[in-house]
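The next block holds one structure in the form of structure tokens; read it before the comments.
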DNA sequence: TATGAAATTCCCTAAAC
DNA sequence: GTTTAGGGAATTTCATA
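Residue numbers (our numbering), protein chains in the order written: chain A, 1 to 166; chain B, 1 to 166.
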């Protein structure tokens, strides 16, 4: 999916940066910020969407929601079979409680970030996701007691922006 | 911030669920989905925003972006001083390379998810965030080589939805 | 092949009920 | 909560460099 190159110019970088912070801005406001007409902005955004580069979502503040239990889990698989990994990944993608899942290099195969409505609910989910299927050799849970920062902003440039001072 | 209770009814739960998946839907479309008029939907969304519960952001597909290096870092602090923790958290929130930061229970104090444009860039960032300040006792990095799932969807209900079968 | 300006349509927003 | 009406934004069309 989304194997298209899609060349980005400076306008694109600035637009994507702005939209990752706030996707509710109007085309006019975005255009003013980058020096483009609303039409031009809209055409570019349409292109991002068509290429599967961009989607818009609502982000909720976990602290405004009562009884939200977050947990981080590192997972080591039993064997390195492609089949087992594929099944595991499908399970992660399908589970609504899984917020994020990353394949890692090193001692642990995966990092999973889970959300549940209580610790009891978390145990239930962990049992279902990591024990019942039998592919998991070992997993370790660390409960989150505070979310310090929450976002998904990605840099769109190849190199970090130059700073005045190193 | 956002210490308001804010009672949610079934309409709210369904709306928040839909918007976490796709925030670009129109009020009419959302209203049709939950059985409410566009105006009613709009009033509710306005309320979410006023309470700081909801914001809208654009999410980019990391696989559509070349040269995106993701890394997970667990961090143990030198001492348990409130002052040191506060400073650390402020640094995490300020750094654009930090996608997420969670305070953990157990052996490690924090889990940080970082994004950089290259491994070299990552090293530079890690040096700046975890070494230069001197509050960090130990940190361990695991590079991400594949993003299996990426989202921030939170359940808004106290209990998980009942299933037909346990 | 990109742009910006104008016209149209549609949606958001705020009334009144 | 819904229906209504008005203003504003998104989208299309068009002329242009």
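Glycine included, every Cβ here is placed at the ideal spot set by N, Cα and C. Quick caveat: nothing in here was measured; it's all calculated off a predicted structure.
(request) Could you please give the first and the last residue of the uninterrupted beta strand (DSSP E) stretch that includes residue 58 (chain B)? (result) 54-60
(request) Could you confirm whether any beta carbon from chain A is found closer than 8 Å to the beta carbon of residue 98 (chain B)? (result) yes
(request) Measuring alpha carbon to alpha carbon, tell me which of B:92, B:129, B:155 and B:116 ends up nearest residue 150 (chain A). (result) B:92
(message) Along the chain, where does the beta strand (DSSP E) containing residue 146 (chain B) start, and where does it finish?
(response) 136-150
(request) Mind checking which residues open and close the beta strand (DSSP E) that includes residue 119 (chain B)? (result) No beta strand (DSSP E) holds residue 119 (chain B); the alpha helix (DSSP H) holding it covers 119-126.
(request) May I ask which residues mark the beginning and end of the alpha helix (DSSP H) holding residue 20 (chain B)? (result) Note, residue 20 (chain B): alpha helix (DSSP H), 10-21.
(request) Could you check if residue 123 (chain B) is buried or exposed, using at least 16 other CB atoms within 10 Å of its CB as the buried criterion? (result) exposed
(message) Along the stretch 34-61 of chain B, where does the CB come closer than 7 Å to a CB of chain A? Name the residues.
(response) 51, 52, 53, 54, 55, 56, 57, 58, 59, 60 and 61
(request) Express the C-alpha separation of residue 85 (chain B) and residue 104 (chain B) in angstroms, rounding to a whole number. (result) 12 Å
(message) According to DSSP, simplified to helix, strand and coil, what is residue 154 (chain B)?
(response) coil
(request) Below 6 Å CB to CB, which residues in the same chain sit around residue 28 (chain B) once its five sequence neighbours on both sides are set aside? (result) Taking C-beta separations shorter than 6 Å and ignoring five residues to either side along the sequence, the partners of residue 28 (chain B) in its chain run 38, following chain order.
(request) Given a cut-off of 8 Å, decide if residue 57 (chain A) and residue 23 (chain B) are closer than it, judged by their beta-carbon atoms. (result) yes
(message) Going by beta-carbon coordinates alone, are residue 70 (chain B) and residue 141 (chain B) separated by less than 8 Å?
(response) no
(request) Give the DSSP-derived three-state secondary structure of residue 68 (chain A) in the structure shown. (result) coil
(message) If we define contact as Cβ-Cβ less than 8 Å, is residue 70 (chain B) a contact residue for chain A?
(response) yes
(message) As a quick exercise: from B:135, B:125 and B:72, pick the residue whose alpha carbon is nearest that of residue 144 (chain B).
(response) B:72
(request) Show which residues of chain B have a CB atom less than 8 Å away from the CB atom of residue 146 (chain A). (result) 102 and 103
(message) Alpha carbons only, please: which of B:52, B:129, B:51 and B:12 is nearest the one belonging to residue 89 (chain B)?
(response) B:129
(request) Identify the continuous alpha helix (DSSP H) that holds residue 87 (chain A) and give its terminal residues. (result) 82-94
(request) Quick one: grab the DSSP three-state call for residue 104 (chain A). (result) strand
(message) Could you tell me the alpha carbon to alpha carbon distance between residue 157 (chain A) and residue 94 (chain B), rounded to whole angstroms?
(response) 19 Å
(request) For residue 99 (chain B), name the three-state secondary structure that DSSP assigns. (result) strand
(request) Taking all protein chains shown into account, decide if residue 64 (chain B) is buried (16 or more other Cβ within 10 angstroms of its Cβ) or exposed. (result) buried
(message) Counting only beta-carbon separations shorter than 8 Å, does residue 76 (chain A) have a partner in chain B?
(response) no
(message) Taking CB distances under 8 Å as the criterion, tell me whether residue 29 (chain B) reaches chain A.
(response) no
(request) Determine the direct distance from the alpha carbon of residue 153 (chain A) to that of residue 21 (chain A), and round the result to whole angstroms. (result) 7 Å
(request) Could you tell me the distance, in whole angstroms, from the CA atom of residue 99 (chain B) to the CA atom of residue 74 (chain B)? (result) 14 Å
(request) Have a look at residue 134 (chain A) and residue 126 (chain A) and give me their C-alpha separation to the nearest angstrom. (result) Computed Cα separation, rounded: 12 Å.
(message) On a Cα-Cα basis, can you pick out the residue from B:47, B:54 and B:9 that is closest to residue 19 (chain B)?
(response) Taking only the C-alpha atoms, the option nearest residue 19 (chain B) is B:54.
(request) Tell me, to the nearest whole angstrom, how far the beta carbon of residue 44 (chain A) is from that of residue 6 (chain A); I am working on the premise that it is less than 8 Å. (result) With 8 Å as the limit, residue 44 (chain A) and residue 6 (chain A) do not qualify as a contact, their Cβ atoms being about 11 Å apart.
(message) For residue 68 (chain A), which residues in the same chain have their Cβ closer than 6 Å to its Cβ, ignoring the five residues on either side in sequence?
(response) 62
(request) Could you name the residues that DSSP lists as bridge partners for residue 48 (chain A)? (result) DSSP, once it has assigned bridges, lists no residue as partnering residue 48 (chain A).
(request) With a threshold of 16 other CB atoms inside 10 Å of the CB of residue 131 (chain A), please say whether the residue is buried or exposed. (result) exposed
(message) Can you confirm whether residue 169 (chain B), when its beta carbon is compared against all beta carbons of chain A, has any partner nearer than 8 Å?
(response) Here chain B has residues from 1 to 166 only, and residue 169 (chain B) is not among them.
(request) With DSSP as the reference, please indicate the residues paired to residue 116 (chain A) in a beta bridge. (result) A:69
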